[in-house]
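Student:
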Amino acid sequence: MTTAIQNPNEVVTRALLRFVTLPSRERAALITLDNGFDHTKPNSFGPGGLASLEAAIDEAVAARPKFIALTGKPYIFCVGADITGMPLLTSREQALELGRYGHRVFRKLRDSTVPTFAFVNGAAMGGGLEVALHCHYRTVSSGAAALALPEVAIGLVPGWGGTQLLPNLIGIAAAAQVILQNPLTQQQLKPAQAHELGIADAIFEPADYLERSLEWAEGVVDGTVTVTRPEIDREMWDGVLFFARQQLDERLHGAVNSANRALELLALAKEASFEDGTAAEDEALADLVMGDQARASLYAFDLVQRRAKRPAGAPDKGLARDVNKVGIVGAGLMASQLALLFVRRLEVPVVLTDLDQERVDKGVGYVQAEIDKLVSKRRLDPGKAAKYRGLVSGSVDKAAFADADLVLEAVFEDLKVKKQVWAEIEKIVRDDCVLATNTSSLSVTEQAADLAHPERVVGLHFFNPVAMMPLLEIVRAARTDDATLATAFAVGKALKKSAVLVKDAPAFVVNRLLTRFLGVVTSSVDEGTPIDVADSALDPLGLPMRPMALLTMVGPAVAHHVAETLHHAFPARFGVSPNLAKVVGAGKRGFTDADGNPDPEVLALLEVGDRPSTAEELRERATEALAQEIRLMLDEGVVADARDIDLCMILGAGWPFHLGGVTPYLDREGVSEKVTGSRFLPPGVANTP
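The opening position of the sequence shown corresponds to residue 0 in numbering that gives the first Met the number 0, with each subsequent residue numbered one higher.
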């Protein structure tokens with residue numbers, strides 16, 4: 000390498016070569032990828048790792064063994080390129096050379112006159128899966144954690160042969176799923192799926208995986224084991240990609256550069272030579288690595304992988320109290336989802352209460368039914384299911400909370416109701432029992448104001464659907480003490496949620512920003528902007544759903560209630576749409592029908608003005624409103640800094656990596672400086688230097 004930058008912080012994955020004796024007494028070369036750490040620090044390829052692999056391949060080929068096999072350390076094959084070094088790339092030529100270098104090294108496996116095998120013993124992602132694709136044959140362990148080409152989701156493309164090799168191995172339809180659909184929906188392949196698709200030629204159990212793989216590989220070389228590959232249908236190639244582009248345009252509206260480039264490379268793979276195809280990968284990768292979307296994506300990836308695991312402002316975890324029993328006030332859908340989550344993750348008794356036995360029975364029944372579904376889908380073994388069923392119970396008497404360590408309320412979003420609940424609960428529970436509210440917008444401080452022990456009240460704001468959404472906003476009220484807060488963070492971690500500490504401010508982070516954002520859209524409808532224009536105005540951002548679909552998912556009544564709460568707190572910036580109130584009053588699902596078109600019945604209800612906005616004007620208003628609100632939230636100390644805003648929007652609202660959450664996009668478009676006078680992030684943090 001001459002121009003690619005060296006990463007002084009690279010944890011080099013060594014390619015350790017040894018020769019093993021086969022049952023036939025002949026020798027095979029076994030190259031093991033190992034960075035010297037356990038599975039919690041996976042193997043990856045930086046410049047140093049590529050150099051080590053190249054040297055090992057050259058030495059193995061020179062020894063003329065019966066075959067060469069590549070495998071990984073326990074539980075990990077390789078998770079791809081070392082992305083920690085990518086921010087150090089300061090020129091397109093450096094990025095181009097890094098792509099070319101990976102191709103040169105990996106191609107030695109493909110071009111080897113000695114048969115090459117990949118023994119995928121553990122997680123194989125990105126370049127890790129691509130190096131396996133360069134081998135002539137592949138086995139996979141049934142215990143491998145995940146296999147994927149996730150690059151499109153972080154603003155890149157599979158740039159070390161994946162876009163050219165995979166479609167010519169398993170067909171264009173399956174390759175498009177792995178390279179495009181799976182990353183954008185955060186899906187990974189299980190080993191059995193990889194085998195079924197033809198990515199792996201054989202699958203073996205973990206207990207004797209290496210021995211079986213060596214035996215199988217020798218059989219392949221000797222001709223006693225036959226490997227068959229499907230014939231690739233090239234007539235359907237263009238049609239599959241046409242359909243894939245339609246789907247991407249419908250979902251992302253052309254906003255994600257990496258997806259567009261991946262489509263181009265998959266089209267090229269139909270007829271192009273391997274040399275031309277991989278050269279195109281190099282060019283695409285260089286363009287993307289030096290683009291702002293990739294840098295924003297890498298910033299977002301770092302937030303999710305690192306900052307989310309070390310929450311800013313969390314107290315010493317040693318202060319956390321044990322939680323051996325949980326009480327949940329309410330037995331509606333949200334409360335029942337929470338009960339299931341606590342039972343599965345904490346494996347402690349969980350008691351639901353409500354106003355009457357019918358509601359209690361319905362809530363407990365929901366949890367039991369969901370446990371049964373998990374068993375039927377083979378996601379839960381019957382023994383564990385029986386344990387979970389025994390842990391969940393219900394009562395109409397809140398005295399069941401007397402020995403609880405944590406009580407969580409999930410009742411109607413009304414301050415008076417919640418204060419009444421806490422006044423009743425405080426007389427029943429122990430003095431050290433943590434009281435947690437799942438409020439989405441109401442003041443935690445006000446809920447605790449009249450209690451004898453307000454220091455043990457904390458906000459645990461979960462997002463719906465509870466089982467799927469990873470964010471937990473932990474709300475510190477005015478008098479919440481460190482022990483309570485530490486317990487909240489410990490519980491969040493046990494629940495496998497990513498917790499962000501937020502100040503007790505109206506609607507906290509996600510709901511406050513989404514309400515401001517939706518408020519601009521609904522007010523534009525009130526002013527006379529056609530619903531379809533208002534709904535599509537934000538398409539260039541490539542958000543996970545359009546505003547009207549988001550409104551439907553949240554529910555007009557909930558959106559209206561949160562808007563009223565924020566209007567009460569900040570009347571100058573948050574309005575309450577009279578037309579949204581009409582939608583709620585009519586019991587409609589939103590402004591659009593089930594197909595996303597303006598609902599004629601809703602249109603008949605609306606009273607609109609004569610000041611419509613164009614899509615561009617509305618987009619400008621919406622992004623400027625976001626920038627203003629974020630600056631105010633940071634000034635108020637709602638979170639520690641802008642990174643927590645972005646983390647919340649990624650994990651709680653599904654805002655995409657290519658935007659970096661929200662602040663990198665506002666910086667990149669110049670909106671931050673226009674509205675607030677400065678950027679949210681320093682130059683180079685989430686954009687090209």
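Heads up, the beta-carbon is just placed ideally off N, CA and C, and yes, glycines get one too.
Source: prediction; values computed, not measured.
Taking only three categories from DSSP, how would you classify residue 298?
Tutor: Reading the sequence shown from its first residue, position 299 is the one you call residue 298. Residue 298: helix per DSSP, three-state reduction.
Student: With three or more C-beta pairs closer than 8 angstroms as the rule, is the segment 213 to 224 touching the segment 152 to 161?
Tutor: no
Student: Short check: CB of residue 190 to CB of residue 122, under 7 angstroms?
Tutor: For the purposes of this step, residue 190 is taken as the residue at position 191 of the sequence shown. For the purposes of this step, residue 122 is taken as the residue at position 123 of the sequence shown. Cβ atoms of residue 190 and residue 122: not closer than 7 angstroms.
Student: Quick one: residues in its chain with C-beta nearer than 6 angstroms to the C-beta of residue 688, no 5 flanking neighbours on either side, listed in chain order?
Tutor: Residue 688 sits at position 689 when you count from the first residue of the sequence shown. Same-chain partners within the cutoff: 89.
Student: How is residue 124 classed by DSSP in three states: helix, strand or coil?
Tutor: Here residue 124 is taken as the residue at index 125 of the sequence shown, counted from 1. Of the three classes helix, strand and coil, the one that applies to residue 124 here is strand, per DSSP.
Student: For residue 417, tell me which candidate among 432, 430, 397 and 445 has the shortest Cα-Cα distance.
Tutor: As a first step, residue 417 must be located in the sequence shown, where it is residue number 418. Closest option to residue 417, Cα to Cα, is 445.
Student: Straight-line CA distance for residue 483 to residue 344?
Tutor: Here the question's residue 483 lines up with position 484 in the sequence shown. Here the question's residue 344 lines up with position 345 in the sequence shown. The straight-line gap from Cα to Cα measures roughly 20 angstroms.
Student: Kindly indicate which residue of 641, 651 and 536 has the alpha-carbon position closest to the one of residue 666.
Tutor: Locating residue 666 in the sequence shown gives position 667, counting from the first residue. Closest option to residue 666, Cα to Cα, is 641.
Student: Is residue 172 near the ligand COA - that is, is its Cβ less than 6 angstroms away from at least one heavy atom of it?
Tutor: The model depicted lacks the ligand COA and carries no ligand whatsoever.
Student: Using a Cβ-Cβ cutoff of less than 7 angstroms, which residues in the same chain neighbour residue 64 once the five nearest sequence positions on both sides are dropped?
Tutor: Along the sequence shown, read from residue 1 onward, the residue named residue 64 stands at position 65. Closer than 7 angstroms at the Cβ level, and outside the excluded window around residue 64, lie 18, 26, 27, 28 and 113.
Student: Just to confirm, are residue 597 and residue 530 a CB contact at a threshold of 7 angstroms?
Tutor: For this step, residue 597 is matched to residue 598 along the sequence shown. For this step, residue 530 is matched to residue 531 along the sequence shown. In contact: residue 597 and residue 530 (Cβ atoms closer than 7 angstroms).
Student: Name the DSSP bridge partner or partners of residue 33?
Tutor: For the purposes of this step, residue 33 is taken as the residue at position 34 of the sequence shown. Partner(s): 13.
Student: Is it true that the CB of residue 514 sits closer than 7 angstroms to the CB of residue 565?
Tutor: Along the sequence shown, read from residue 1 onward, the residue named residue 565 stands at position 566. Along the sequence shown, read from residue 1 onward, the residue named residue 514 stands at position 515. Their beta carbons are under 7 angstroms apart, which means residue 565 touches residue 514 by this criterion.
Student: Taking 6 angstroms as the limit between beta carbons, can you name the residues of its chain near residue 674, skipping five residues before and five after?
Tutor: Your numbering for residue 674 matches position 675 in the sequence shown. Within the same chain, residue 674 has close Cβ partners 623, 626 and 627.
Student: Per the contact definition of three or more C-beta pairs closer than 8 angstroms, is the segment 448 to 457 in contact with the segment 317 to 331?
Tutor: no
Student: Which stretch, first to last residue, makes up the beta strand (DSSP E) that contains residue 350?
Tutor: Here residue 350 refers to the residue found at position 351 of the sequence shown. Element bounds for residue 350: 349 to 352.
Student: Run through DSSP, which three-state label would residue 434 get?
Tutor: Against the sequence shown, residue 434 aligns to sequence position 435. Looking at residue 434 - three-state DSSP - the assignment turns out to be strand.
Student: Out of curiosity, what's the CA-to-CA distance linking residue 162 and residue 178?
Tutor: One-based indexing of the sequence shown puts residue 162 at position 163. One-based indexing of the sequence shown puts residue 178 at position 179. Cα to Cα, residue 162 sits roughly 8 angstroms from residue 178.
Student: Going by C-alpha to C-alpha distance, which of 606, 294 and 608 sits closest to residue 662?
Tutor: Working through the sequence shown from its first residue, we reach residue 662 at position 663. Out of 606, 294 and 608, 294 has the C-alpha closest to the C-alpha of residue 662.
Student: Tell me whether residue 2 sits in a helix, a strand or coil according to DSSP, three-state version.
Tutor: Mapped onto the sequence shown, residue 2 falls at position 3. Confidence at residue 2 is low in this model, with a pLDDT of 47, below 50, so its placement is unreliable and the value that follows should be read with caution. Coil.
Student: In the DSSP assignment, find the beta strand (DSSP E) that holds residue 689 and state where it starts and stops.
Tutor: The requested residue 689 is not part of the displayed model; the chain covers only 0 to 688.
Student: To the nearest angstrom, how far is the alpha carbon of residue 567 from that of residue 338?
Tutor: Here residue 567 corresponds to residue number 568 of the sequence shown, with the count starting at 1. Here residue 338 corresponds to residue number 339 of the sequence shown, with the count starting at 1. So the alpha carbons of these two residues sit roughly 32 angstroms apart.
Student: Which full runs of the alpha helix (DSSP H) of 4+ residues lie inside the segment 561 to 645, going along the chain?
Tutor: 577 to 584, 599 to 604 and 614 to 635
Student: State buried or exposed for residue 632, treating a residue as buried only when at least 16 other CB atoms are found within 10 Å of its CB.
Tutor: Against the sequence shown, residue 632 aligns to sequence position 633. The residue is buried, with at least 16 neighbouring Cβ atoms inside 10 Å.
Student: Taking buried to mean at least 16 other C-beta atoms within 10 Å of its own C-beta, is residue 414 buried or exposed?
Tutor: Residue mapping note: residue 414 aligns to position 415 of the sequence shown, counting from 1. It counts as exposed.
Student: Thinking just about the alpha-carbon of each residue, which of 270, 271, 245 and 269 is nearest to the one in residue 259?
Tutor: For this step, residue 259 is matched to residue 260 along the sequence shown. Residue 245 is the option with its Cα nearest to residue 259.
Student: Using a Cβ-Cβ cut-off of 8 angstroms (strictly less than) and excluding sequence neighbours within five positions of residue 409, which residues of its own chain qualify?
Tutor: In the sequence shown, residue 409 corresponds to position 410, counting from 1. Cβ neighbours of residue 409 beyond the five flanking positions: 327, 328, 329, 331, 333, 334, 337 and 437.
Student: State the CB to CB distance for the pair residue 502 and residue 402, rounded to an integer number of angstroms; the pair is presumed to be in contact (CB under 8 angstroms).
Tutor: Start at 1 with the first residue of the sequence shown, and residue 502 comes out as number 503. Start at 1 with the first residue of the sequence shown, and residue 402 comes out as number 403. Residue 502 to residue 402, Cβ: 32 angstroms. No contact.
Student: Anyone know if the C-beta pair for residue 212 and residue 118 falls short of 7 angstroms?
Tutor: Along the sequence shown, one-based indexing puts residue 212 at 213. Along the sequence shown, one-based indexing puts residue 118 at 119. Yes. Within cutoff.
Student: So the candidates are 139, 251 and 508; which of them puts its Cα closest to the Cα of residue 206?
Tutor: Position 207 of the sequence shown, counting from 1, holds the residue named residue 206. Nearest C-alpha to residue 206: 139.
Student: If contacts are defined as beta-carbon pairs under 8 angstroms, then residue 160 and residue 277 qualify, I think. What distance do you get, rounded to the angstrom?
Tutor: Against the sequence shown, residue 160 aligns to sequence position 161. Against the sequence shown, residue 277 aligns to sequence position 278. Right, their Cβ atoms sit about 6 angstroms apart.
Student: Could you give the distance in angstroms between the alpha-carbon of residue 38 and the alpha-carbon of residue 13?
Tutor: Within the sequence shown, residue 38 is the residue found at index 39, counting from 1. Within the sequence shown, residue 13 is the residue found at index 14, counting from 1. About 15 angstroms.
Student: Take the Cβ of residue 464 as the centre, count every other Cβ of all protein chains shown within 10 Å, and call the residue buried at 16 or more, exposed below.
Tutor: Counting from 1 along the sequence shown, the entry for residue 464 is found at position 465. It is exposed - the Cβ of residue 464 has fewer than 16 other Cβ atoms within 10 Å.
Student: Identify which residue in 523, 173, 132 and 477 has its Cα closest to the Cα of residue 231.
Tutor: Taking the first residue of the sequence shown as position 1, residue 231 is located at position 232. Checked all of 523, 173, 132 and 477; the closest Cα to residue 231 is 173.
Student: Kindly indicate if chain D contains any beta-carbon less than 7 angstroms away from that of residue 382.
Tutor: Included in the structure is just one protein chain, with no chain D present.
Student: Exposed or buried, residue 386, counting other C-beta atoms within 10 Å across all chains shown (16 or more means buried)?
Tutor: If you number the sequence shown from 1, residue 386 lands on position 387. Exposed, by the Cβ-count rule.
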